[in-house]
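Participant:
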Amino acid sequence: MAKVLAVVNQKGGVGKTTTSVNLAASLVATKRRILLVDLDPQGNATMGSGVNKNELQNSVVDVLLGEVSASQARVKSTPAGYDLLPSNSELTAAEVQLLQRQNGCLNLKQALAEVGAQYDFMVIDCPPSLSMLTLNALVAANSVLITMQCEYYALEGLSSLLETIQQLQGHLNPALEVEGLVRTMYDPRNRLAMEVSSQLHEHFGDKVYRTVIPRNVRLAEAPSYGLPILLYDKNCAGAKAYLTLTGEFLRRHDRQTQDENRQTPQQEAANKANTVTAGAAFDAAQNNLEQSHD
Ligand SMILES: Nc1ncnc2c1ncn2[C@@H]1O[C@H](COP(=O)(O)OP(=O)(O)OP(=O)(O)O)[C@@H](O)[C@H]1O
Ligand SMILES: [Mg+2]
């Protein structure tokens with residue numbers, strides 16, 4: 091079965107879509123079979139994959155409402171080489187309907203189960219909110235990748251994301267894990283970015299990905315051509331960074347798989363407890379930053 095990765099941060103504009111599209115495309119370059127799920131009514135991952143969100147026959151909306159299956163709604167992103175469950179603004183109305191349904195947060199999980207055996211990884215690009223859509227992603231996912239910009243308010247709100255993850259671990263998705271934190275649009279010359287980074291390392295240790303994604307104008311241009319960065323400009327700093335991130339992701343995945351095979355029930359419980367501590371750590375890190383800037 092595919093590993094399902096939700097790319098999440100309720101803060102807007104922190105590189106979720108850029109990371110989802112380029113991680114998916116880089117995983118294809120390593121011969122992995124990938125389904126990218128666009129779970130944002132903005133449809134940015136759809137457009138960035140070269141699929142016109144205004145001309146969809148079926149979309150993730152129909153899948154969430156149980157009107158068509160995932161295999162009927164998926165399309166091929168021809169340039170990128172992955173399959174895509176596309177999205178557009180109709181998803182906003184679907185979210186309201188999901189809210190009215192009993193167990194409406196289970197729909198994506200059930201729909202993805204149909205195609206799970208056909209992929210190595212499914213990557214879900216989430217909207218900038220802790221909404222019913224994000225909840226569907228977190229219920230369907232095995233792990234959560236948090237993208238963040240190293241700015242002053244970077245950590246604010248993340249403790250509520252971790253609380254949500256913790257609640258899900260207790261009930262709807264006991265196996266859910268935090269995959270890691272990825273720093274995006276990173277500028278090493280910026281003093282604040284370095285400060286936020288060191289807070290992250292102090293509180294989250296090796297959950298912080300070593301690879302940082304630099305601010306790179308080519309990454310911002312590529313979506314307007316409907317291309318992942320590897321096909322738009324494979325030699326730019328952004329393309330190299332996403333390839334390195336993909337390598338790190340795969341190494342961590344292999345290590346987790348080995349560890350899971352050896353894990354005792356006590357270790358599993360300790361992993362869950364780590365999420366609780368991480369929630370407190372986000373608050374502590376944001377407080378430290380605020381104090382150092384008072
Ligand atoms: N490393 C980068 N360098 C330069 N620009 C970037 C980089 N990453 C993302 N961008 C640009 O920043 C903007 C926000 O990025 P992106 O859409 O990936 O964030 P997001 O978290 O998905 O946003 P939203 O919350 O609205 O869905 C986009 O215009 C994108 O092209
Ligand atoms: Mg986005």
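Residue numbers (my numbering): 91 to 384. Beta carbons are placed, not taken as given, at the ideal position from N, Cα and C, and that holds for glycine.
Determine which residues share a DSSP beta bridge with Ala96 and list them.
Facilitator: Answer is Ile214 and Val234, bridged to Ala96.
Participant: Please report the distance separating the alpha-carbon of Lys330 from that of Gln192.
Facilitator: Their backbone Cα atoms lie some 45 Å apart in a straight line.
Participant: Would you kindly work out how many angstroms separate the C-alpha atoms of Gly206 and Lys93, rounded to a whole number?
Facilitator: Their backbone Cα atoms lie some 8 Å apart in a straight line.
Participant: Under the DSSP definition of a beta bridge, which residues are partnered with Ile124?
Facilitator: Phe211.
Participant: Counting only runs that start and end within the region 260-310, where is the alpha helix (DSSP H) found for 4 or more residues in a row?
Facilitator: Correct list: 281-294.
Participant: Under the criterion of a Cβ to heavy atom distance below 7 Å, does Met238 qualify as lining ligand 1?
Facilitator: Not under cutoff, so the answer is no.
Participant: Can we count Ile255 as close to ligand 1, meaning its CB is less than 7 Å from some heavy atom?
Facilitator: Because no heavy atom of ligand 1 lies under 7 Å away, the Cβ of Ile255 does not count as near it: no.
Participant: Looking only at C-alpha atoms, which of Asp130, Val268, Tyr209 and Asn148 sits nearest to Leu220?
Facilitator: Checked all of Asp130, Val268, Tyr209 and Asn148; the closest Cα to Leu220 is Asp130.
Participant: With a 10 Å radius around its C-beta and 16 neighbouring C-beta atoms as the bar for buried, classify Arg164 as buried or exposed.
Facilitator: Classification of Arg164: buried, given that the 10 Å Cβ count is 16 or more.
Participant: So, at 7 Å on beta carbons, what are the nonlocal neighbours of Val141 in its own chain, with the 5 sequence-adjacent residues on each side left out?
Facilitator: Excluding sequence neighbours, Val141 sits near Val165, Ser167, Leu174 and Pro176.
Participant: So Asp344 is in the alpha helix (DSSP H); what residue range does that whole segment cover?
Facilitator: Note, Asp344: alpha helix (DSSP H), Ala327 to Arg352.
Participant: How would you label Lys101, buried or exposed, when you count the other beta carbons within 10 angstroms and need 16 or more for buried?
Facilitator: So Lys101 counts as buried.
Participant: State yes or no: is the C-beta of Ile178 nearer than 7 Å to some heavy atom of ligand 2?
Facilitator: Here the sequence assigns Asn to residue 178, which means Ile is not the residue at that position. No, the beta carbon of Asn178 sits no closer than 7 Å to any heavy atom of ligand 2.
Participant: Could you tell me the alpha carbon to alpha carbon distance between Gln239 and Ser288, rounded to whole angstroms?
Facilitator: Going from the Cα of Gln239 to the Cα of Ser288 covers about 13 Å.
Participant: Does the pairing of the region 268-275 with the region 293-312 give three or more beta-carbon distances under 8 Å?
Facilitator: Verdict: yes, contact present.
Participant: Taking the DSSP output, what are the residues bridged to Leu175?
Facilitator: Answer is Val127.
Participant: Sort Val151, Ser382, Asp323 and Arg123 by Cα distance to Ala201 and report the nearest one.
Facilitator: Cα-wise, what sits closest to Ala201 is Val151.
Participant: For Gly247, which residues of its own chain have a beta-carbon under 7 Å away from its beta-carbon, when the five flanking residues on both sides are left out?
Facilitator: Hits under 7 Å: Gln100 and Lys101.
Participant: If you draw a straight line from the alpha carbon of Ser110 to that of Ser233, how long is it in whole angstroms?
Facilitator: If you take the alpha carbons of Ser110 and Ser233, they lie about 14 Å apart.
Participant: Report the residue from Ile303, Ala265, Pro264 and Leu309 whose alpha carbon sits nearest the alpha carbon of Ala283.
Facilitator: Of the listed residues, the one whose Cα sits closest to Ala283 is Ile303.
Participant: Would you mind listing the alpha helix (DSSP H) stretches within the region 141-206 that are 4+ residues and don't spill past its ends, in chain order?
Facilitator: Segments of the alpha helix (DSSP H) lying fully in the region 141-206: 150-154, 160-163, 180-190 and 197-203.
Participant: Have a look at Asn351 and Asn144 and give me their C-alpha separation to the nearest angstrom.
Facilitator: Cα to Cα, Asn351 sits roughly 45 Å from Asn144.
Participant: Roughly how many angstroms lie between the CA atoms of Asp323 and Gln356, to the nearest whole one?
Facilitator: Straight-line Cα distance between these residues: approximately 47 Å.
Participant: Determine the closest residue to Val118 out of Glu180, Leu333 and Ala203, with distance taken between C-alpha atoms.
Facilitator: Per the Cα distances, Leu333.
Participant: Any heavy atom of ligand 2 closer than 7 Å to the Cβ of Thr107?
Facilitator: Yes.
Participant: Just to check my reading of the structure: Ala96 and Leu228 have Cβ atoms closer than 8 Å, yes? What is that Cβ distance to the nearest angstrom?
Facilitator: Contact holds; Cβ gap of about 6 Å.
Participant: Inspect the beta-carbon positions of Arg308 and Ile319 and report whether they are closer than 8 Å.
Facilitator: Cβ atoms of Arg308 and Ile319: closer than 8 Å.
Participant: Please tell me whether Leu188 and Leu154 are closer than 8 Å, where the distance is taken between their beta carbons.
Facilitator: Yes, the pair counts as a contact, with Cβ atoms nearer than the cut-off.
Participant: Using alpha carbons as the reference points, say which of His261, Ser249 and Val127 lies closest to Asn377.
Facilitator: Here the closest residue by C-alpha is Ser249.
Participant: Please list, in chain order, all residues of the same chain as Ser161 whose beta carbon is under 7 Å from its beta carbon, the five residues on each side excluded.
Facilitator: Answer for Ser161: Glu204 and Val205, listed in chain order.
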